[in-house]
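Read the structure below first, then the notes.
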Amino acid sequence: MAVVSLPHKQIPLSRSQAPIPFFHQAATFSRLWPVIEAGLHQVADNGKYSHGAQVAELERRLSDYTGAAHVVGVNSGTDALILLLRAGGLAPGDGVVVPAFTFVATATSVVHAGGRPEFADIDPVTHQLCPESAARAITARTRALMPVHLFDRMADMPAFAALARRRGLTLFEDSAEAIGMWQDGRHAGLHGAGGVLSFFPSKTLGAIGDAGAVLTDDPGTAARAAALRHHGRPGSTVDNFPAIRTGSALVGVNSKMDDVQAAVLVAKLTSLEQDIARRAELAAAYTERLTGVPGIRALPGALRPGRDVCYVYVIEVEDRDRLASALTAEGIGTEVYYPVPLHLQPCFAALGHRPGDFPHAEAACRHTIALPLYPDLGLADVDRVCAAIRRFHTGTES
Ligand SMILES: *Cc1c(COP(=O)(O)O)cnc(C)c1O
């Protein structure tokens, strides 16, 4: 038998305690497999393996689901951001205000689109971009605002819409995490010039690889994004062969979506609402069990049904790294979203920021930890994770 060395005082895993990975979806895939398989057969029969009929079908269904006038399927959420910003008219040197606490692609996409990220701090309670800090970050070069909808709720869009109007700025949304999130009757990504979706496997609607989409109500932005994803070919649609002969109107890229991914997403979209409800149930179970545990600085606010979606369940604790190691030793996976604030990442060193510039973003990077949460997770798993967290902080089970 292999001997696993564990930190002192940790009890070795018993046979009944299977590891709880941070994310997996084997059961979801088994359950949906007949539908997925039928879609994959259609892809194989069709012979058009990217930017084909399944992609068009997914775009139609996402348009129905979100209410977006236009959905442009591309090969990742990151590409969706870059193409949205380019299609939305970002010009070289334009500043885009983004939060310092988010996934790095929020800001690198601005650079890829020719712009310059301008960082602002977050609200310490919600972790969303702070409208007052965003207002302070605006410079003479600022052209756009891009709040991010992080973790389980949307940024304060009425405040950002008002700020954009007052200062004559374009409002984009990094809504990569926000499928199923709504504010004032509008889906995330549709509160300004446009937004995106990421279908990275662990996202609320995840593919079996990379995929993403641009969401917009603006026909010009949609047409440019559709052309850019396909080498800049005008009128780029599933049946665009005649258009190829006219040549490329824009300097595009190859960011077509694979039909295999689209077929998986079409199948998974049928259980999205059920998955969102399951996520809410698990999030509520975590909050109930973790309320009052010493060492926990903050738990997520209650989810508002029909508005918020728990994409990841993030808590704030005093000693994040030691808790993460203790949970790892018990076979429980966790993740840190995000360990380094963007203004202190080496790739943005030229912007000249220092520690202390955005204290709430820096504190979030030190204290937040995401716990396992996905439709395949059981309530007994939540119990085990919470018992381990309590044991870490109090040395007792109850
Ligand atoms: C996941 C994510 C992205 C990037 O999406 P990919 O599909 O992984 O390229 C961008 N921004 C945020 C906030 C994300 O969570």
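In terms of my numbering, the sequence shown opens at residue 9 and continues consecutively.
We treat Cβ as the ideally placed atom computed from N, Cα and C, and that holds for glycine.
(message) Let me make sure I understand the geometry here. Which of L93, L137, G96 has the alpha-carbon closest to that of A372?
(response) L137
(message) I'd like to check one pair, T178 with G103: are the Cβ atoms closer than 9 Å?
(response) No; because the gap between Cβ atoms is not below 9 Å, this pair is not in contact.
(message) I want to check one thing, is the minimum distance from the CB of V104 to the heavy atoms of ligand 1 below 8 Å?
(response) No - ligand 1 has no heavy atom lying nearer than 8 Å to the Cβ of V104.
(message) Tell me which residues share the same chain as R213 and place their Cβ nearer than 7 Å to its Cβ, disregarding the 5 neighbours each side in the sequence.
(response) Looking at the sequence itself, residue 213 is Leu, so the reference to Arg does not match. Closer than 7 Å at Cβ, skipping near neighbours: I187, F207, L273, K276, L277, L280.
(message) Please report the distance separating the alpha-carbon of P125 from that of F109.
(response) 13 Å
(message) Does Y294 come out as helix, strand or coil in the three-state DSSP assignment?
(response) helix
(request) Compute the Euclidean distance between the alpha carbons of H37 and V268, then round it to the nearest angstrom. (result) As written in the sequence, residue 37 is Phe, which differs from the His given in the question. Taking the straight line joining both Cα atoms gives about 14 Å.
(message) Using a Cβ-based criterion (distance less than 8 Å to any ligand heavy atom), does D316 qualify as near ligand 1?
(response) no
(message) Using a Cβ-based criterion (distance less than 8 Å to any ligand heavy atom), does D131 qualify as near ligand 1?
(response) no
(message) List, from N- to C-terminal side, the alpha helix (DSSP H) runs of 4 residues or more that fit wholly inside the segment 111-180.
(response) If we require 4 residues or more, the alpha helix (DSSP H) runs fully inside the segment 111-180 come out as 113-120, 139-145, 165-175.
(request) Tell me where the alpha helix (DSSP H) around L89 begins and ends. (result) 85-95
(message) Short of 8 Å in beta carbon distance, which residues of its chain neighbour F249, apart from the five on each side in sequence? Order them along the chain.
(response) Only weak support exists for where F249 lies, its pLDDT of 48 falling under 50; the value from the coordinates is given anyway. So no residue of the chain qualifies.
(request) Identify which residue in L307, T147, V320 has its Cα closest to the Cα of G176. (result) T147
(request) Output yes or no for whether 9 Å exceeds the beta carbon distance between R94 and R241. (result) no
(request) Rank T342, V320, Y321 by C-alpha distance to the C-alpha of R330 and give the top, closest one. (result) T342
(message) Among the candidates P313, L153, V80, S84, whose CA atom is the shortest distance from the CA of K211?
(response) It is S84.
(request) Pick helix, strand or coil for I397, following the three-state DSSP scheme. (result) helix
(request) Could you check how far apart the C-beta atoms of H135 and L158 are, in whole angstroms? I think they sit under 8 Å. (result) 5 Å
(message) Following a CB-centred definition, is V156 positioned closer than 8 Å to any heavy atom of ligand 1?
(response) V156: yes, Cβ under 8 Å from ligand 1.
(request) Please state whether DSSP places R374 in a helix, a strand or coil. (result) Correct three-state label for R374: helix.
(request) Grab the span of the beta strand (DSSP E) containing G224 for me, first residue to last. (result) This sequence places Thr at residue 224; Gly is not what is there. Segment 220-224, the beta strand (DSSP E) holding T224.
(request) Specify the secondary structure class of R232 as computed by DSSP and reduced to three states. (result) helix
(request) Using only the heavy atoms of ligand 1, determine whether one of them is closer than 8 Å to the beta carbon of S141. (result) no
(request) Name, in chain order, the residues that DSSP records as bridge partners for Q191. (result) Bridge partners of Q191: R194.
(request) Excluding the 5 residues preceding and the 5 following V246 in the sequence, name in chain order all residues of the same chain whose CB lies nearer than 6 Å to its CB. (result) Confidence at V246 is low in this model, with a pLDDT of 48, below 50, so the placement of that residue is unreliable and no value is reported for it.
(message) Among the candidates R161, I304, F127, R174, whose CA atom is the shortest distance from the CA of M154?
(response) F127
(message) Shorter than 8 Å, the distance from the beta carbon of A113 to the closest heavy atom of ligand 1, or not?
(response) yes
(request) Say whether the segment 158-172 touches the segment 48-65, bearing in mind that this needs 3 or more beta-carbon pairs closer than 8 Å, one atom from each stretch. (result) no
(message) H368 and E326 - do their beta-carbons sit closer together than 9 Å?
(response) no
(request) For C394, I'd like the list of residues in its chain whose CB is within less than 7 Å of its CB, leaving aside the five on either flank, ordered along the chain. (result) Y294, R297, L298
(message) Can you check which of these residues, Q191, T404, D365, is closest to R312 by C-alpha distance?
(response) Q191
(request) Sort out for me which residues DSSP pairs I323 with in a bridge. (result) I377
(request) Quick one: give me the first and last residue of the alpha helix (DSSP H) that S333 is part of. (result) 328-337
(message) Assuming R305 is part of the beta strand (DSSP E), what are its boundary residues?
(response) 304-306
(message) Could you give the first and the last residue of the continuous alpha helix (DSSP H) run that contains P42?
(response) First-last of the alpha helix (DSSP H) with P42: 34-54.
(message) Which same chain residues end up closer than 6 Å to R161 when comparing Cβ atoms and leaving out the 5 residues on each side of it in sequence?
(response) D316
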